[in-house]
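A.B. asks: Residue numbers (my numbering), protein chains in the order written: chain A, 11 to 264; chain B, 213 to 689.
Attaching a single structure in structure tokens format; questions to follow.
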Ligand code: SF4
């Protein structure tokens, strides 16, 4: 049952914390506007993917234990990232296969974890968010968000309800080549992938490219700016929360 | 085939700068993606069929010994012979043994990945037997002495110019100034060349897409019909198959075939689907006098009961590589082994060891597109991650990566320390990039900055700012 004012814990994610705090504040604003009581547990760092995807299960498990501690008592855990959201929702429980107790706790936490935009639409039932916006954007479907969490129509719906025109890429669902440590382990392959992505973005003629994952966005912005492109890059939450005035686009000076 | 998997990075770099290859790879999308998507959309029960396919394979693997025995008994009942081969060496010896016993001089071959796994052509040649590839793609690769780059389109890396050039070079008996007007002309020339070889062959070797336990049959699908000529014209038919090709019944095979063609080429059904059961019976119009199945294990049974068991569901449709953004950029040869793409990234370490093939499961962004199209729902990213775990456990992960991970892990386990370190890092980077909002160069970040800028952070961490705001509100930070 959906409570009138659910207690939501924001999982900030390490990239938002380190790189683009505004996304975290945008998430808080959107959640509060939707009627949630938002808290930000202080004892959080990272979802553990760098370790988990490097085969270092022990470190990943230690971090997961910390997450179980910090995020235990909330109605929901909301993450402004499909990738970290997918980690908490689908992978965290697999780290506790040997311990039924912890596994049950991890599963309970996983079941209450949502990516930000899909939480607003699918759990809080939002058809639109406050405010208005204009212009043309194109939306990059980040891989985990799309394939692990089924996020595809939700951000587009909210954006269009704001008054934004969404122009689709030919391949919005193809990976941008970020892939966490992949982008530095295999820089040539990653660069080629993100170049294909930037060409696809350019071909839409959109002014701005949006996505729900900061990792992809840093990669895409890095490439677009290297190419001298004028396309602006932002996290979808900044646009939905009406906070584009608070911070310049990713990779641009204020 | 000699593995160049350890040189994956170097191979990939070359591939990215190879204009011809890039031109060929650009065909992936028109040739495979749209067609598969259309075929899938045209079959409303496709999703359910994927579950059925997964379940059939899981069931078979859970009772593999039973089905293998049943199948072998049925093969023998139909006059065929099964050669159980634990290793590639055993299988090579078995094939050579049959060929030598019947005095074979020429052997025609249909497309078979097991044949590549065994390197059977080289082995036969070394013993004075001439193998002739009859699949068009394999035929040109044989002319060019190249390995396949794709499991269903072996010559996918070649362009039409390459075909013409190779044919002119190899078929010197034909007028040098002949013109190839269209693809068809290439096909016609190859057919003419192959016809005589089909008739002269003493032994025909094919692969198998499936083995059917209840009938003892092997099944092949092709679009060229060369497989049929390969297996019906010579006196002796050898089937090369690995043990996970097994399905229990004809009905199961039908379900798998519906998945296979759609996932592979976007066809509802392949042009030729051929079931072979044993030797020619009295009154049969054609069929071989001897029917052998060389059944290869080569590390597969060792995958049973491990975290890699699901990989044995693979039906070699190639959908995973067709949809893999890494494969689409580097092509099949870069993987340096028989099986490329995501399925190869999981399988190759079992064949040649993760110490040799470690790059393969690492060179993935875990985008998950492979898993989303796999007809038998193999969790390919998860299996690649399992290889990374094995690497990590065995200390094969590069020392710098381990050190960085350990350092990062130490800090990330301690939120207080983490707050401090991230504040310093974000502050420094933000300051460095404050004028342009990005950095074009940064020590130790060449991997990132060679091909893209590094967007600068805002400068403050979220937690620092949040704490300030909470204090401002008089709240508890
Ligand atoms: S792993 Fe799946 S998609 Fe890839 S070849 Fe095998 S069956 Fe096809």
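In this text, a Cβ means the ideal position worked out from N, Cα and C, and glycines have one as well.
Everything numeric in this text was worked out from a predicted model, so none of it was measured.
(1) Can you check which of these residues, A:107, A:226, A:38 and A:15, is closest to residue 519 (chain B) by C-alpha distance?
(2) Runs of 3 residues minimum, wholly inside the stretch 99-168 of chain A: which ones carry the beta strand (DSSP E) assignment?
(3) Below 8 Å CB to CB, which residues in the same chain sit around residue 676 (chain B) once its five sequence neighbours on both sides are set aside?
(4) Any beta carbon from chain B within less than 8 Å of residue 197 (chain A)'s own beta carbon?
(5) If you follow the alpha helix (DSSP H) that residue 617 (chain B) is in, where does it begin and where does it stop?
(6) State the CB to CB distance for the pair residue 207 (chain A) and residue 186 (chain A), rounded to an integer number of angstroms; the pair is presumed to be in contact (CB under 8 Å).
(7) Please classify residue 43 (chain A): does DSSP put it in a helix, a strand, or coil?
(8) On a Cα-Cα basis, can you pick out the residue from A:200, A:168, A:196 and A:147 that is closest to residue 175 (chain A)?
(9) Closest to residue 230 (chain B) by C-alpha separation, out of B:561, B:400, B:290 and B:369, would be which residue?
(10) Straight-line CA distance for residue 11 (chain A) to residue 595 (chain B)?
(11) Pairing CB atoms from the stretch 92-99 of chain A with CB atoms from the stretch 644-660 of chain B, are three or more of them under 8 Å?
(12) Check for me: the alpha helix (DSSP H) holding residue 630 (chain B) runs from which residue to which?
(13) By Cβ distance, which residues of its chain are closer than 7 Å to residue 269 (chain B), with the 5 residues on each side in sequence left out?
(14) Determine, using beta carbons only, whether residue 261 (chain A) comes closer than 8 Å to chain B.
(15) Output yes if chain D places a C-beta closer than 8 Å to the C-beta of residue 178 (chain A); else output no.
(16) Taking the alpha-carbon positions, what's the residue 345 (chain B) to residue 89 (chain A) distance?
(17) Tell me the DSSP bridge mates of residue 429 (chain B)?
(18) For the stretch 154-171 of chain A, enumerate the residues whose C-beta is nearer than 9 Å to any C-beta of chain B, in chain order.
(19) Alpha carbon to alpha carbon, how far is residue 294 (chain B) from residue 456 (chain B)?
(20) What do you reckon, is the C-beta of residue 285 (chain B) under 7 Å from a heavy atom of ligand 1?
(21) Near residue 60 (chain A), what residues of its chain come up, given a Cβ to Cβ distance below 7 Å and the 5 sequence neighbours on each side ignored?
(22) In chain order, what are the residue ranges of uninterrupted alpha helix (DSSP H) at least 4 long that sit wholly in the stretch 458-493 of chain B?
(23) Within this structure, are the beta carbons of residue 123 (chain A) and residue 161 (chain A) separated by less than 8 Å?
(24) I'd like to confirm something about residue 555 (chain B): is its beta-carbon nearer than 7 Å to some heavy atom of ligand 1, or not?
(25) Can you tell which of A:29, A:237 and A:199 has its C-alpha closest to the C-alpha of residue 641 (chain B)?
(26) Can you tell which of B:317, B:255, B:664 and B:262 has the C-alpha that lies nearest to the C-alpha of residue 231 (chain A)?
(27) Just grab the DSSP bridge partners of residue 86 (chain A) for me.
(28) The alpha helix (DSSP H) spanning residue 207 (chain A) covers which residue range?
(29) Just to confirm my understanding: we take residue 660 (chain B), look at its own chain, exclude 5 residues before and 5 after, and list those with CB closer than 7 Å. What are they?
(30) Flag residue 590 (chain B) as yes when its Cβ comes closer than 7 Å to any non-hydrogen atom of ligand 1, and as no otherwise.
(31) Do you know offhand how far residue 232 (chain B)'s Cα is from residue 374 (chain B)'s?
(32) Give me the DSSP bridge partner(s) of residue 416 (chain B).
(33) Here's the rule: buried if 16 or more other CB atoms are within 10 angstroms of the residue's CB, otherwise exposed. What is residue 246 (chain A)?
(34) Would a check of beta-carbon distances place residue 129 (chain A) closer than 8 Å to chain B?
(35) State yes or no: is the C-beta of residue 531 (chain B) nearer than 7 Å to some heavy atom of ligand 2?
(36) Does residue 79 (chain A) come out as helix, strand or coil in the three-state DSSP assignment?
C.D. replies: A quick look at the data gives this:
(1) Taking the first residue of the second chain as 1, we reach residue 519 (chain B) at position 307. Considering only alpha carbons, the answer is A:107.
(2) 123-125 and 146-149
(3) Counted from its first residue, the second chain places residue 676 (chain B) at position 464. Within the same chain, residue 676 (chain B) has close Cβ partners 631 and 635.
(4) If you number the first chain from 1, residue 197 (chain A) lands on position 187. Yes, its Cβ sits closer than 8 Å to a Cβ of chain B.
(5) To locate residue 617 (chain B), count along the second chain from 1; it is residue 405. It spans 611-624 - the alpha helix (DSSP H) in which residue 617 (chain B) sits, taken as one unbroken run.
(6) Within the first chain, the letter at position 197 stands for residue 207 (chain A). Within the first chain, the letter at position 176 stands for residue 186 (chain A). That pair is a contact at about 5 Å.
(7) The sequence position of residue 43 (chain A) within the first chain is 33, counting from 1. In the structure shown, residue 43 (chain A) sits in a helix (DSSP, three-state: H, G or I).
(8) Counting from one through the first chain, the residue named residue 175 (chain A) turns up at place 165. Closest option to residue 175 (chain A), Cα to Cα, is A:147.
(9) Within the second chain, numbered from 1, the residue matching residue 230 (chain B) stands at position 18. Considering only alpha carbons, the answer is B:369.
(10) Working through the first chain from its first residue, we reach residue 11 (chain A) at position 1. Working through the second chain from its first residue, we reach residue 595 (chain B) at position 383. Summary for residue 11 (chain A): the model assigns pLDDT 47, below 50, so the residue's position carries little reliability; its value from the coordinates is reported in the next sentence. If I take the Cα positions, the gap works out to 37 Å.
(11) no
(12) Here residue 630 (chain B) corresponds to residue number 418 of the second chain, with the count starting at 1. Counting along the chain, the alpha helix (DSSP H) containing residue 630 (chain B) begins and ends at 627-644.
(13) Along the second chain, one-based indexing puts residue 269 (chain B) at 57. Contacts found: 525 and 588.
(14) As a working mapping, residue 261 (chain A) is identified with position 251 in the first chain. Cβ-Cβ to chain B under 8 Å: yes for residue 261 (chain A).
(15) Of the protein chains in this structure, namely A and B, none is chain D.
(16) The residue given as residue 345 (chain B) occupies position 133 in the second chain. The residue given as residue 89 (chain A) occupies position 79 in the first chain. The straight-line gap from Cα to Cα measures roughly 55 Å.
(17) Within the second chain, numbered from 1, the residue matching residue 429 (chain B) stands at position 217. In the DSSP output, where bridge partners are listed per residue, residue 429 (chain B) has B:424.
(18) 154, 156, 157 and 158
(19) The residue labelled residue 294 (chain B) in the question sits at position 82 within the second chain. The residue labelled residue 456 (chain B) in the question sits at position 244 within the second chain. Approximately 15 Å between the Cα atoms of the pair.
(20) By one-based count along the second chain, residue 285 (chain B) stands at place 73. Every heavy atom of ligand 1 is 7 Å or more from the Cβ of residue 285 (chain B), so no.
(21) Locating residue 60 (chain A) in the first chain gives position 50, counting from the first residue. Once the five neighbours on either side are set aside, the close Cβ partners of residue 60 (chain A) are 190 and 191.
(22) 462-476
(23) What you label residue 123 (chain A) is simply residue 113 of the first chain in a count that begins at 1. What you label residue 161 (chain A) is simply residue 151 of the first chain in a count that begins at 1. Contact: no.
(24) As a position in the second chain, residue 555 (chain B) is number 343, starting the count at 1. Because some heavy atom of ligand 1 lies under 7 Å away, the Cβ of residue 555 (chain B) counts as near it: yes.
(25) Position 429 of the second chain, counting from 1, holds the residue named residue 641 (chain B). Residue A:29 is the option with its Cα nearest to residue 641 (chain B).
(26) On the first chain, position 221 is the one that residue 231 (chain A) refers to. Answer by Cα proximity: B:664.
(27) On the first chain, residue 86 (chain A) is found 76 positions in, with the first residue counted as 1. Per DSSP, A:18.
(28) For this step, residue 207 (chain A) is matched to residue 197 along the first chain. 197-214 is the extent of the alpha helix (DSSP H) around residue 207 (chain A).
(29) Numbered from 1 along the second chain, position 448 holds the residue referred to as residue 660 (chain B). 666, listed in sequence order.
(30) Here residue 590 (chain B) is taken as the residue at index 378 of the second chain, counted from 1. Yes, the beta carbon of residue 590 (chain B) sits closer than 7 Å to at least one heavy atom of ligand 1.
(31) Against the second chain, residue 232 (chain B) aligns to sequence position 20. Against the second chain, residue 374 (chain B) aligns to sequence position 162. Rounded to whole angstroms, residue 232 (chain B) to residue 374 (chain B) spans 9 Å at the Cα level.
(32) Your numbering for residue 416 (chain B) matches position 204 in the second chain. DSSP output for residue 416 (chain B) lists B:320 and B:449 as bridge partner(s).
(33) Along the first chain, read from residue 1 onward, the residue named residue 246 (chain A) stands at position 236. It is buried - the Cβ of residue 246 (chain A) has at least 16 other Cβ atoms within 10 Å.
(34) Here residue 129 (chain A) corresponds to residue number 119 of the first chain, with the count starting at 1. With 8 Å as the cut-off, residue 129 (chain A) does not count as an interface residue toward chain B.
(35) Judged by which ligands are present, ligand 2 is missing from the structure shown, whose ligands are ligand 1.
(36) As a working mapping, residue 79 (chain A) is identified with position 69 in the first chain. Of the three classes helix, strand and coil, the one that applies to residue 79 (chain A) here is helix, per DSSP.
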